[in-house]
Structure formats: C-alpha cells, structure tokens
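Numbering (the numbering used here), first residue to last: 1 to 146.
Following: one structure in structure tokens, then a few remarks.
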Amino acid sequence: MLIKDTSDKTHYQYYHDANQLMIIDDEKDLLFVYKSGLEIDGIEIFTFDDPISALDEFSKNSEKYCIVITDMRMPVMSGYEIINKFKMINPKIRIIIISAYNITESEISQNLNSNTKIDRVIRKPVTLEDLRRMIEDIWNECKTTQ
C-alpha cells in the first residue's frame, strides 16, 4: 500500500498540537455509529455527511486535525478528490480510506496526486474495535514522531 513516510521530524510539533479526527461519509447512520462508538482518549471526533462542508471546515481549521477518515464513493465529491484537496491544504494530515468496495493500489495511484500518500485502507464492514485500534495506532505514531 502507499504508506506515508513518517520519518520527517517536522511532523512532531504538528501532531503534538492536533487532536481532532474528521470522518466523512454520506451515510448518516454510519457517522452516528462511528462518533458514538469511537471514544478515543485525547481525540475529538467530528463527522460530516457532506464532503463540501468537510472541505470548508478543513480549509479553516486544518491544523487542528490529526487524522481524516473518508469514504470513497459519495455524491458531489469522491474520497479521492477530498484527499487531494486536503493534502494540498495540509500535507501532514494522516488519511484513512474506508470503503465497501475493493480498492487496489493501482486505483489509488491513478486517482491521487503523484506525491499524495495515504496511511491505511479499511474495507467495510469494519468493527468499531478494529477501527479504534487503527486510529489509536496512527494517533500514537503521530504523537511519538520526533
């Protein structure tokens, strides 16, 4: 998979200050489950069922977010478009793709800007425990990158 290089030491201060998680999915029921079921110590969770609203929020407050989880297939804007736009705003943001569809490395490469990397890919359905563990792993990586 296209995994981001976390050896850059400039990431430490950014991730030390960023403590918000954004989840973007057009399925409101899933957002409710994610938000209510993912209590992670030290991370505030914000959900968006509209990619345009999520982009607006991120463009104003990108430095507050450590991780973005996005569905891939949504109306108005795809997850790939969101990822490319978010990475242009803040290249340090950690990205998790979540999708009910099988996503190949080739598809990711074809749809993301050439220097854009993602951190994890999750296939729906996913248990809250598995998702929580993945978020905590990335969160801990962010906090310990020095």
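The beta carbon of each residue, even a glycine, is placed where N, CA and C say it ideally should be.
For V121, the enclosing beta strand (DSSP E) covers residues 120-123. Cα atoms of F58 and I118: separation of roughly 17 Å, rounded to the nearest angstrom.
Between D56 and the set N102, L128, I24, the nearest pair of CA atoms involves I24. By the criterion of at least three beta-carbon pairs nearer than 8 Å, the region 58-76 is in contact with the region 96-105. Here the alpha carbons of D29 and R133 stand approximately 21 Å from one another.
Closest in C-alpha terms to E141, from the list V126, M22, L128, R120, comes R120.
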